[in-house]
Amino acid sequence: MSSAPTVMSNYTDPVFGTLDDDGHGYWSTTITHGDLVVRADLNLDGDVDAEQVARFSKKLDDVAKLETLARKAMLADYDKKRSAVGMFRERHEGILEAMESETCTPASKEDIGTFLKRCELKRIALYPECPGHCMILDFGFRLPVTDYMLVVSFDGEDRVVGVDMQS
């Protein structure tokens with residue numbers, strides 16, 4: 000016999016703080032990941048299910064693991080015929096040329112692994128009610144030189160289900 004989810008107003012989550020029904024389904028905070036401050040968003044379409052929120056906010060305890068999985072997926076994506084990573088790199092050739100002139104490093108000639116190291120984790124979005132795409136990690140350049148991001152989607156079991164380029 001399964002129990003009904005605990006639906007609460009004014010639930011306090013250790014990561015997102017107080018979640019009340021007046022939050023309009025969106026809460027945001029920042030988390031520290033290495034030397035980065037990363038924005039984390041929680042998105043819900045209904046009442047706050049405390050157990051569901053706790054399970055997903057707990058995933059933010061191991062951002063390093065999620066980032067490693069995402070980076071492996073981006074590397075694998077580069078080998079595909081219609082690669083989001085490839086399109087992202089092509090779209091930013093001008094930025095790469097500017098990086099070359101500043102650092103004297105041939106950024107446009109570097110291997111894809113080195114290129115992807117230039118992209119850092121910017122945001123993590125949680126969508127607990129969408130089991131197929133419930134967590135999204137956004138990667139972009141350190142400097143805000145473009146609004147395009149590499150977006151890696153995960154399912155509820157922390158498996159990568161997509162790599163896309165979005166703005």
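If you read the sequence shown in numbering that gives the first Met the number 0, its first letter stands for residue 0, the second for the next number, and so on.
The beta carbon of each residue, even a glycine, is placed where N, CA and C say it ideally should be.
- Beta-bridge partners assigned by DSSP to residue 85: none are found.
- For residue 129, there are no CB contacts under 6 Å within the same chain when 5 residues up- and downstream are skipped.
- Burial state of residue 39 is buried, judged by a 10 Å Cβ sphere holding 16 or more other Cβ atoms.
- Just so you know, the alpha carbons of residue 90 and residue 122 end up roughly 21 Å apart.
- If you look at residue 122, you'll find it isn't in any alpha helix (DSSP H); it sits in the beta strand (DSSP E) that goes 118-125.
- Between residue 149 and residue 84 a beta carbon distance of about 6 Å is seen, short of the 8 Å cut, so the two are scored as contacting.
- Taking a cut-off of 8 Å on C-beta distances, the segment 53-70 touches the segment 151-159, as three or more cross pairs fall below it.
- For residue 71 and residue 146, the gap between their C-alpha atoms comes out near 23 Å.
- Counting only the Cα atoms, residue 9 lies some 27 Å from residue 136.
- Taken through DSSP and simplified to helix, strand or coil, residue 152 comes out as strand.
- Nearest to residue 118 by alpha-carbon distance, out of 126, 15, 138, is 138.
- Minimum Cα-Cα distance from residue 60 among the listed residues 115, 110, 13, 111 corresponds to 13.
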